[in-house]
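Novice: Numbering (the working numbering), first residue to last: 3 to 556. For glycine and all other residues, C-beta sits at the position ideal for the given N, C-alpha and C. My structure is below; once you've seen it, I'll send some questions.
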């Protein structure tokens, strides 16, 4: 199924910080009573949105780059004082805590979410991708109410309401949607789904070196659960990943956990056949047991490395999909595992071959989960292991603990930086961190008390945003007779200064002032009357005009 360009100019916001320093003094612990006080917000004159205030603490050298993350309420029971829905969106930020791009608004009145916001470096140019998923009912109503025209009447927007499925959306440097991976035609059985529902889940969105793309999905199907005390015709969630052409949806590779029960049997699952409400799982399609749970897939040599969260296992497969190695975080399995290398319920597993022939594995080690058997009292960390495939041993290389106490029941990411630093998404807790090569934390960004979280977070230098929408300007009259002018351009990365101009009756524009760009929304004070039409002009580093707003007045 091929999608034409939707031409969506994604709306966004920029703003002024509402300073409430006292509200940020709470430590980042498992639950926080102070979170009953809302986290400070960034408000805007030029846009209707708000964003979470980004509270940065830097103590050492960091890698250069912009930051991509997407706050979402994956586990709303974890937090109090949840942010407004306009703050739960894909965000690009500078490392000093200024918003650069504020993504599309939530669908109204629906528990939708964004995840995996990041650049994808295709051979013919860089696109940004994000996952748009859905947790609740009444999707058709939400689509009809959406302020974004391209959501309306498009089958890819009809996200599955029961199985947490959705699509991967790609936008270009103008923040216009170019393509969408929906896989509505993919043959799966999912209770409540229709033929037009998208079949992609949130857990992976990754470009391969040949421009193919990894996505994850799942199927509800039957298998023998007698080995774990269940029925012979029990129901499970079959975790799958696909390699697709992102522009045509042609599938070139498929892997299914159920097709490898010889190496990955159901009784290797580390979770019980019981949900959070105490109901038995595996007895019906509606109560299927998610025994395996793929939450990350990445290329490794000519095959792939898979994170099986509910096995607490890293699985290596070859190009044909056959299992080659298994590393279980509790018992080691194919590798001997020292106590200090223990991990559970991990996320964002990556692997590469080191110069000495060993395999380096990185991950976010959650250690905690809120499904039976629950565990929420172990500190989470970013973890690096070394695997020796000659003597089949695993060794701890690094374990990076945040300066905050993070006990995360889900999410999390590890990203190596070119200078040797490691950039870490702190999972279900609203913080990002960067560590130097010695393991010292040198940077921290906080965007909430104990919610929301970001599925992953990334830092890259390679992005130039040139929005298709023009800059925006707003003017307000001041008591002293002058005018305050507010200017922003959501997603623009090349603006260094702003010029305010006034239009005369004969159409000539007169320069009133030139001010350096300051944060995402810049303020200038000018001498102008409330009847004068003004322009906000964005300039680049050599003074060239990048964009001009529509005329505005107070």
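Does the beta carbon of residue 344 fall short of 6 Å from some heavy atom of the ligand GTP?
Specialist: Because no ligand of any kind appears in the structure shown, any question about the ligand GTP cannot be addressed here.
Novice: Do the CB positions of residue 1 and residue 501 come within less than 7 Å of each other?
Specialist: Outside the displayed range of the chain (3 to 556) lies residue 1, so it cannot be described from this structure.
Novice: Report yes if the CB atom of residue 90 is closer than 7 Å to the CB atom of residue 73, and no otherwise.
Specialist: yes
Novice: Using the three-state DSSP reduction, which class does residue 228 fall into: helix, strand or coil?
Specialist: helix
Novice: At a cut of 8 Å, does the segment 284 to 293 reach the segment 228 to 246 through at least three beta carbon pairs?
Specialist: yes
Novice: Between which two residues does the beta strand (DSSP E) carrying residue 236 extend?
Specialist: 236 to 246
Novice: From the DSSP output, in three-state form, read off residue 90 for me.
Specialist: In the three-state DSSP reduction, residue 90 falls in the coil class, being neither helix nor strand.
Novice: Keeping to the same chain, check which residues put their C-beta closer than 7 Å to that of residue 203; ignore five residues upstream and five downstream.
Specialist: Sequence-distant Cβ neighbours of residue 203 in its own chain, meaning closer than 7 Å and more than five residues away, are 166, 167, 218, 219, 220.
Novice: Which first and last residues belong to the beta strand (DSSP E) in which residue 104 is found?
Specialist: 101 to 104
Novice: Compare the C-alpha of residue 375 against each of 271, 58, 60, 216 and name the closest.
Specialist: Closest in C-alpha terms to residue 375, from the list 271, 58, 60, 216, comes 271.
Novice: Can you confirm whether residue 200, when its beta carbon is compared against all beta carbons of chain B, has any partner nearer than 7 Å?
Specialist: Absence of chain B from the displayed structure is noted, only one protein chain being present.
Novice: DSSP puts residue 417 in a beta bridge; with which residues?
Specialist: 425
Novice: Just to confirm my understanding: we take residue 342, look at its own chain, exclude 5 residues before and 5 after, and list those with CB closer than 6 Å. What are they?
Specialist: 398
Novice: Can you grab the Cα-Cα spacing for the pair residue 312 / residue 185, in whole Å?
Specialist: 25 Å
Novice: The beta strand (DSSP E) with residue 180 in it runs from where to where?
Specialist: 179 to 183
Novice: Can you give the beta carbon distance from residue 382 to residue 353, rounded, assuming they're within the 8 Å contact cut?
Specialist: In fact, because the Cβ distance is near 20 Å, the residues do not count as touching under 8 Å.
Novice: Under a Cβ-count criterion, where at least 16 other Cβ atoms within 10 Å of its own Cβ denotes burial, should residue 473 be classed as buried or exposed?
Specialist: With 16 or more neighbouring CB atoms inside 10 Å of its own CB, residue 473 falls in the buried class.
Novice: For residue 365, which option in 309, 330, 390 has the closest C-alpha, if you only look at C-alpha atoms?
Specialist: 309
Novice: How would you label residue 538, buried or exposed, when you count the other beta carbons within 10 angstroms and need 16 or more for buried?
Specialist: buried
Novice: Following the continuous beta strand (DSSP E) through residue 515, name the residue where it begins and the one where it ends.
Specialist: 511 to 518
Novice: From residue 96 to residue 435, what distance separates their C-alpha atoms?
Specialist: 13 Å
Novice: Can you grab the Cα-Cα spacing for the pair residue 327 / residue 550, in whole Å?
Specialist: Rounded to the nearest angstrom, the two C-alpha atoms are 57 Å apart.
Novice: Residue 556 to residue 504, Cα distance in whole Å?
Specialist: When rounded, the distance between both Cα atoms is 12 Å.
Novice: For my contact list, residue 345 and residue 314 are in at a C-beta cut-off of 8 Å; report their separation, rounded to the angstrom.
Specialist: 7 Å
Novice: Terminal residues of the continuous beta strand (DSSP E) containing residue 478?
Specialist: 474 to 479
Novice: Check for me: the beta strand (DSSP E) holding residue 397 runs from which residue to which?
Specialist: 395 to 402
Novice: Please name the residue in 422, 253, 445 whose C-alpha comes closest to that of residue 60.
Specialist: 445
Novice: How about residue 456 and residue 427: are their beta carbons less than 7 Å apart?
Specialist: yes
Novice: At the level of alpha carbons, what is the spacing between residue 395 and residue 101?
Specialist: 44 Å
Novice: Considering only the alpha carbon of each residue, which of 121, 450, 544, 302 lies closest to residue 464?
Specialist: 121
Novice: Quick check on the burial criterion: 16 or more other C-beta atoms within 10 angstroms. Buried or exposed for residue 546?
Specialist: Exposed, since its Cβ has fewer than 16 Cβ neighbours within 10 Å.
Novice: Can you tell me where the beta strand (DSSP E) with residue 489 in it begins and where it stops?
Specialist: 485 to 490
Novice: Given this structure, state the Cα-to-Cα distance separating residue 187 from residue 136, to the nearest angstrom.
Specialist: The C-alpha of residue 187 lies about 19 Å from the C-alpha of residue 136.
Novice: Flag this pair as yes or no: are the beta carbons of residue 402 and residue 441 separated by less than 7 Å?
Specialist: yes
Novice: Should residue 367 be labelled buried (16 or more other beta-carbon atoms within 10 Å of its own) or exposed?
Specialist: buried
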